[in-house]
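Here the structure is laid out as structure tokens; the discussion comes afterwards.
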Amino acid sequence: MSVNEVTWQPKILVFACNWCTYAGADLTGLSRLQYPATVRILRVPCSGRINPQFVLKAFQKGVDAVLVAGCHPGDCHYTTGNYFTRRRFLIMRRLMEYVGLEPERLQARWISAAEAPKFQQVITEISEQIRALGPNRKLRDEEWKI
Amino acid sequence: MLVAQKAKLREILNALSEEYQVAVPVQREGTSAFELYRDGIEVMFNGNTSISPKGMFFPQTEKMYGFKTVKNTTEFVSLPVEQGKRLLFGVRSCDMKSLDCLDQVFLTKGYIDEFYKQKRERTVIVALGCNEPGETCFCASLGLDPQKAAGADVHAYDLGEVIGFEAVTEAGQKVLDLLKNHLREQQFALPPVGEFYLKPEVAGVPEKLKGMFESPLWEEIARKCLNCGACTYVCPTCHCFDISQDVRGEKGIKYRCWDSCMFGEYTQMAGGHNPRPTKKERVRNRFMHKLNYFPERYNMLLCTGCGRCLDVCPVKMDITSIIQQIKEAK
Amino acid sequence: MKRVGVFVCHCGTNIGAVVDCPQVAEKAMDFPGVVYSVDYKYMCSEPGQEMIKKAVQEHRLDRVVVASCSPRMHERTFQRCVEGAGLNSYFVEMANIREHCSWVHAGEPEKATEKAMDLVKMAVAKVVKNKPLQKATIPVTDRALVIGGGIAGIQAALDIANAGHVVDIVEKEPSIGGKMAQIDKTFPTLDCSACILTPKMVEAASHPNINLLTYSEVEKVEGFVGNFDVTIKKKARSVNMDVCTGCGLCMEKCPKKVDSEFELKMSKRRAIYTPFPQAIPNKPVIDRENCTYFNTGKCGICSKVCPAGAVDYTQEDEYLTRRYGAIVVAIGFELFDYSVIGEYGYGKYPDVITGLHFERLVNASGPTLGKIKRPSDHKEPKNVVFIKCVGSRDPAKGKSYCSKACCMYTAKHATLVREKIKDSNIYIFYMDVRTPGKGYDEFYNRTREQYGANYIRGRVSKIYQQGERLIVRGEDTLLGRPVEIEADLVVLATAMVAQPGAGQLAQKLGIGYDKDHFYTEAHPKLAPVETHTQGVYLAGACQGPKDIPESVAQASAAAAKVCGLLSKREMLTEPIVSEVNESICAGCGMCVAICPYKAIELKTISERIQGQTVERQVASVNGGLCQGCGACTVACRSAALNLKHFTDQQILAEVNALCL
Amino acid sequence: MEDLTLVLRRTAKEILEKGEAQMVIGWEKGAFWYSSTSAFISKPEDTERLIWDEYCVNNLAKYLLDYRHKEGKVAVFVKGCDSRALNVLLQDKQLKREKILIIGLACPGMKDEVEARKLGRGSSIPLYKKCRECRYPNALNYDFFIGEDKVIKEIPAQDDFSEVQALESLSPDEKYNKFVANYERCLRCYACRNICPACNCRECIFDRTASGWSSKANNVSENMFFALTRALHVAGRCVGCGECERACPVNIPIMLLNKKIIQDINALFGEYEAGTDVTAKLPLGGFEFTDPEEFM
Amino acid sequence: MKYAYFPGCSLATTGREYDMSTKEIAEVLGIELWEIPDWNCCGASSAHLTDYRLALALPARNMAIAEEAGLDVAIPCAACYARSKAVEAAVTSSEETREEIEEIIERKYSGKSKAKALLDIMANDVPESLITKQVVNPLKGIRAACYYGCLLVRPLNTGFDDPEDPRSMDKLIKVLGGETVDWAYKTECCGASHPTTKRGVGFQMLDRILANAKEAGANCLVTACPLCLNNLDMRQGQVEKAYQKKYGLPVYYFTELMGLAFGIEPAKLGLNKHFVDAMPLVQEVLKLKSGRESA
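So the protein sequences, as listed, match chains A, B, C, D and E. Position 82 of the first sequence, counting from 1, maps to 81 under numbering that gives the first Met the number 0, and the rest follow consecutively. Position 131 of the second sequence, counting from 1, maps to 130 under numbering that gives the first Met the number 0, and the rest follow consecutively. Position 330 of the third sequence, counting from 1, maps to 329 under numbering that gives the first Met the number 0, and the rest follow consecutively. Position 206 of the fourth sequence, counting from 1, maps to 205 under numbering that gives the first Met the number 0, and the rest follow consecutively. Position 171 of the fifth sequence, counting from 1, maps to 170 under numbering that gives the first Met the number 0, and the rest follow consecutively.
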């Protein structure tokens, strides 16, 4: 995907665990809480399923930001999945920042099934941050357009 | 001989740039390679580049064509091809020889590789003679003249303060004509070529290898090998490639990219069988190809004595010592 | 090439009023693999579902995408729908264009429509990579194991047995009964503990569906829900249970006296013994460590006096392996060892005792025959000090949690002292009085008002011996001044802690435990008796401090779960589990450490490598245990592990589709 | 070190003569005075080829993988860093301890061969940077040890992360430009991976284009994906032997990524030195409830 | 063994004999004590009543000087030790506090130099064999109530001994050949300044300590705190008068008893400087010894 400055809208990919954040996003809808149409949610069973490599691939292919979201520590449907997520992404976020990615572009949050306002607020916040930063070109694999 | 002060090289390259897209050897971050010339770039004169100029003709990744699927039919999309004349300055004798090898592969025996041919045909080569061989060099043992690179369009010589030029081909003559205002005629004798440290005796090796497919030597030689692709990727003659595609939704691009016979999946078949399952078979293939199969088919070694492989090998696999071992094997 | 059909739902106006559904349907035709696309008012309605089924047949669709509401709402509906159309139920994906789109972008119809297209594109990209998955069935063995023969274990076993299933109870002591057997009276009714426990013990022993394996321990647990293979070690009793009549002559004649564990070393038992008179089974065991015969080879009196010839010195530990469908863990608790607390004298004062000691001292069949006498000089105490929260609510020296039952049993002890020693004075040091429970607060108030116990809000900072008495120094925080009491007896309400072997047993069972080694329930609210290992349930205080009514209630709850499981011959397992590509797996074992369900283990496989047979280790996923979280897949560097239905390739396809 | 060469030969010879191992992996002299390379000796008389000098930088631990399914034992010489590498292979269950005979060495630090070639014979050759910073010059896990004194150098109290920190202090764009400059020239020859003891997968995802993770195409984006993925894969298992960097034919400072992760693991999850303890739990194979929380 | 030595104000005044005896035994044991140059008051209780930072900064300065010299600090006085340990804990547990304190004292203090109670050094760091070797007068006849006071082993988790039932001094006295009694007031408060300002309260506290020691069968008290000794020794007569009792319990610094056991002249240890005559028991020890020798 190439970047067109004029029509550009942030494209934010959210990896959401099925039990907390995805359900939280559902509740946001049920509560009719509005947020920018910049996010696309990808459902995984548990935040522990989110491979940091997915995030790299997403940046390569052209997203502007990634949000990794799951249950709060202690609330994981699978008991411990999110603790692994936490360790992995503590390292991952620092590594990405180290190679020059703006920290706003890779974020991780705990959002429970009940936290619709939080989901709304987080998405709104990230959208604004990314809008301010502009399109991401880092890591991007743009060679393959026809 | 036509000569110019070395200090004037910048002017010369700038002048050439008006006519050609020029590439020169450049040192960067502890490594070196051919780069497109930009005004002011410092040309590397000491020794050869770590990465050979092979990629100028046979890039590591080369797009071949695009395709598009629309409602269950596939259309081909041709991709833009770079045009215009190019000039390579500073190619050494060994790398010149490697182009000879690649020409054999890509342009002879009834098969013409259009991608290679297009690049080869639009490129003029100014070779640069070597006076002092590098520690890992052994081109002389393979019969090359380090100072006069066969096949080049222009021979350039490093004569200390000055550079000497001699046109070899018509295309070369055109280059020198272009530089008329920058060159003057002066007599110069070429300095003597320095001593080579490595002197493998290659005579008889291709023939001897014919009977050595099952030799226990291969197992021994291969023990060190890590099966990385460093040697094949820096080798100016290695030319294996893999064809692959990148598909994005309904569109995609077919491309080819370098492959290495050192990699496990190189000969992996679709069903999972691998005729070269271990490094013994892979190492054997690499040296058999260079020293036996290729000479049999094209009547020349697939090695030019550039010494890059023994320079980069993390475990110091050494083709000259392997040649020696083959010679000594019973 | 897959043939995908896309069905875009308007959900009345819920979606349709914001998202341009016909346009989404039209756009979907451009996505690779889509051969049919349509929009409709209510996809989940009968006609909507019929429409899908018809389209599958007419257009030979092999994959379906429904763009509608959240899959959490209707995934099952559409899975059944495509199943009805002859497709595998996992060949449908949903694009959530309601909760995640129309409802949250109501003011931006264009952007919402664009987003809906993206979501459909992602779903299409995923669905073409969906593989058919089948729910597998595993057989269920109709037999349950209850570990622990205290009140919780007994109750669970009785409930399961009464429902018609065979139950084995494994108890490490020679008798069932547990802690409750040591207790004198129960609060708040003050009925005799033995009077309500003993009938249950007898019932368990005589129940045709219950087998008691006393003096036995769980050695090894293998397998998974429905099929646990449990190895049980039956320790050598040295008494032939089949022959012994329980006459008790051997115990009378045995010359070797040993401190009684049951009486907390406050009286003696013999080397051949039953722990207490009402023990079940009421047949003795020989304590080989202390038996003269086993130590010196001489004596043998018990054998000589036994009329039935039941004494057998040659008995050996016996191991038996049985298959169970379900396991109830009810191993109870232990009491906090207060000898680590310096303020209370590190356990060196004989008249500082625990509540359980007190239970025995006040019990009619206890060492003092129910007369409260203090251990040091067997005098009747006049001033009795009770200290609550010894080791509880004390993160510095003990446990951070509240042990829950102590407030009530201390009140009970106070009333018992006052009833038995009329001129006694009771002082109770407390942090808070916590009495939630039926009749509990009333009981506490009676203790204060009717029985005149002095409740002092504050901690004790020091106990020391002064002459015959103990000086208890503390603080009355309500009056804001130090208090000092000359006590004859100090009773500590020590914390309930996990059994010392709880951790090891948890590891054998593959269940979780918290920092205090109490077992972790699968969900604190909604799955309080389940564990993360399917088929293993919790009852009683091994899950956390509990009093008797709570333990019994949880035991019955666990039993209900077991009955639910055992009532079926076989059970269905979720097909969304991890799988291993053995040819890639290097057997590093990273996944084994990460799996919260112990569903992965390393197994040895042999294979031909270059004409030679070699053995190597690879990970192996037990589909019965795996719950499909996928944490292992990320830990697997070579991607030998993949989670079905959420494979790397499927997720990457979604990512790629989004970025087109 | 001259004397130790003799001890080393004698040891190897004894091992082979007594049949304690089928093969001894050590070092022999390469084509140049500044190159020493791996040697695989299975005959007692060939032990004369073995040497021990300040160019024996090649980490031999990973070669053991080639012989893990072979009959009998393999003996291997290990320096401090090799020993940590070997421990990682053991931790990863890739080797059976009982099939290896480990001969520990005390390493005085290895000389930089690139510098050696540049400076020429007879001049004073600096040590490799990783050797100057080395905290474990002595083998940690061995069956027997060659050499008298174990600690033979002043050992720094801490790893040196100054280069990492210098990079961290740059702006995002500066950092990214450096990253691009480094990986633009990556050939994806996988020498770094193939020499790395922590890269011990049976089949690397980068060798399986079918896995969907990587394409064979060489461009800076894919190269960066390779670099970051490899850094994440060896996270918590990189022993800092620096062989990746030495193996790189285009001189990419690969350890800058690895050291960054080592630094962060230390700071976030407590000090951890890979390969110093075979029984240690891998940092990314577990977690603590008390791990830093910044995802709120 | 070498330590920085922080004597503190008391050892220069009311606790002279503590300082004297400490230096004497250190010499015998070959422990080098490097007195912190230009040391300042630890702040005692007044500083931390005044300002949290002041209370940390004062001892931090002493600790910083020792850290520059690369030494751990030997501290005889229990209060000085408690304050110095507090700053060590503060700077090691919070980077922020460390920076703040360093800014105030204009020196670096990372907490690398540890505050060590002299008792800890003698009981735990000095090898028992080294002490036994020096004993020429075994403390036969001494039945000591080892009195640790309130500061030496508190708070929990920072100290070197059990805060409820410390035993290090008991161990040391036994190594020296004496006996110790098990008693309940080891860590009770001596009353601190109450005996001066609120006699009723202070004397009662002292009385209970003395009574419990006596009841447990002790014939002397041993302490590691100059204030405790001051109260128990100087006020003992007043307490006896107030409660119409007779205790007659000499109070020693543990260092004095070490010196005595090592055969150092009592006057050099300051044993002649006590209010409750400390010499009779000393004489008894020496007599028992010469008795043994002549026999």
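For every residue, glycine included, the Cβ atom is placed at its ideal position computed from N, Cα and C. Nothing here was measured: the structure is a model prediction, and the numbers come from that model.
Quiz item: Using 8 angstroms as the threshold, is the segment 90-104 of chain A in touch with the segment 33-48 of chain A, meaning 3 or more CB pairs across them?
Solution: no
Quiz item: Going by Cα to Cα distance, which pick from E:G176, E:S109 and E:C41 is closest to E:V284?
Solution: E:G176
Quiz item: Does C:E682 have its Cβ less than 9 angstroms from a Cβ in chain A?
Solution: There is no way to answer for residue 682 of chain C, as the model of chain C reaches only from 0 to 659.
Practice problem: Pull out every residue of the segment 176-210 of chain D whose Cβ sits closer than 7 angstroms to any Cβ of chain C, in chain order. | Solution: N199, C200, R201, E202, C203, I204 and S210
Quiz prompt | Beta-carbon contacts of A:Q59 that lie in its chain and below 8 angstroms, excluding the five residues immediately before and after | solution = L138, R139 and D140
Self-check item: Residue interval of the beta strand (DSSP E) (run including B:V167)
Solution: Where B:V167 is concerned, there is no enclosing beta strand (DSSP E), given that its DSSP letter is neither H nor E.
Self-check item: Distance, D:G269 Cα to D:D158 Cα
Solution: Looking at the two C-alpha atoms, the distance is approximately 14 angstroms.
Quiz prompt | Contact list for C:N641 against chain G, beta-carbon separation under 8 angstroms | solution = This model lacks chain G altogether; the protein chains it does include are A, B, C, D and E.
Quiz item: B:R275 lies in the alpha helix (DSSP H); which residues open and close that run?
Solution: Run containing B:R275: none; DSSP gives neither H nor E here.
Self-check item: Rounded straight-line distance, which links the Cα of D:D263 to that of A:R93
Solution: 8 angstroms
Self-check item: Chain-ordered chain A contacts of C:S69 [CB-CB under 7 angstroms]
Solution: D25
Self-check item: is_contact[A:M0, chain C] using C-beta, thresh 9 angstroms
Solution: At A:M0 the pLDDT is 45, less than 50, meaning the model places this residue with poor confidence and gives no usable figure here.
Self-check item: Local conformation of E:Q282 per DSSP, three classes
Solution: It is helical.
Exercise. Determine the extent of the beta strand (DSSP E) in which B:H154 is found, giving its start and end residues.
Key: V153 to L158
Exercise. Kindly list, in the order they appear in chain C, the residues whose Cβ is closer than 8 angstroms to that of E:A183.
Key: K461, Y463, Q464, Q465 and I470
Quiz prompt | Cβ-Cβ separation, E:E187 to E:I208 (assumed contact under 8 angstroms), whole Å | solution = 6 angstroms
Quiz item: Between the beta-carbon of B:M261 and the beta-carbon of B:C224, is there less than 9 angstroms?
Solution: yes
Practice problem: Select from B:G203, B:R85 and B:Q244 the residue whose C-alpha is nearest the C-alpha of B:L141. | Solution: Comparing alpha carbon positions, the residue from B:G203, B:R85 and B:Q244 closest to B:L141 is B:G203.
Quiz item: So is E:C79 buried or exposed if we call it buried at 16+ other beta carbons inside 10 Å?
Solution: buried
Self-check item: Beta-carbon proximity of C:A124 to C:A505, cut-off 9 angstroms
Solution: no
Exercise. Could you list the residues in the segment 244-274 of chain D with a C-beta less than 8 angstroms from some C-beta on chain A, going in chain order?
Key: L256, K259, I260, D263, I264, L267 and F268
Self-check item: Residues near C:A413 in its chain [Cβ-Cβ closer than 7 angstroms; skip 5 each side]
Solution: F385, I425, I427, T446, Y450 and A452
Quiz item: Going along chain A in order, which residues have a C-beta closer than 7 angstroms to the C-beta of D:N218?
Solution: D140 and E142
Practice problem: Just the chain C side, please: which residues come within less than 7 angstroms of B:T277 by C-beta, in chain order? | Solution: Q609
Practice problem: Report the residue ranges of all alpha helix (DSSP H) runs contained in full by the segment 95-182 of chain D; include only those spanning at least 4 residues, in chain order. | Solution: 112-118, 128-131, 161-167 and 171-182
Quiz item: If you count every other CB in all the chains shown that lies within 10 Å of the CB of C:Q533, and 16 or more means buried, which is it?
Solution: buried
Practice problem: Check whether the Cβ atoms of C:S101 and C:G15 lie closer than 9 angstroms to each other. | Solution: Taking 9 angstroms as the Cβ cut-off, C:S101 and C:G15 qualify as a contacting pair.
Practice problem: Hey, could you find the ends of the alpha helix (DSSP H) C:M570 is sitting in? | Solution: Careful: C:M570 lies outside any alpha helix (DSSP H), inside the beta strand (DSSP E) at E569 to T572.
Quiz prompt | Beta-carbon proximity list for E:L55, same chain, < 6 angstroms, skipping 5 on both sides | solution = V86, A89 and I100
Self-check item: Identity of the residue in C:V3, C:C10 and C:E49 nearest C:A27 by Cα
Solution: C:V3
Self-check item: Endpoints, beta strand (DSSP E) assigned at B:W257
Solution: K250 to W257
Quiz prompt | Opposing strand residues paired with C:R268 [DSSP bridges] | solution = C:V257
Quiz item: So, are the CB atoms of E:L248 and E:N218 less than 9 angstroms apart?
Solution: yes
Practice problem: Evaluate C:E342 with the Cβ neighbour count: other Cβ atoms within 10 Å of its Cβ, from every protein chain shown; 16 or more gives buried, anything less gives exposed. | Solution: buried
Quiz item: In the segment 618-640 of chain C, which residues sit with their C-beta less than 8 angstroms from some C-beta in chain A, listed in chain order?
Solution: Q626, G627, C628, G629, A630, T632, V633 and A634
Exercise. Tell me whether D:M22 sits in a helix, a strand or coil according to DSSP, three-state version.
Key: Correct three-state label for D:M22: strand.
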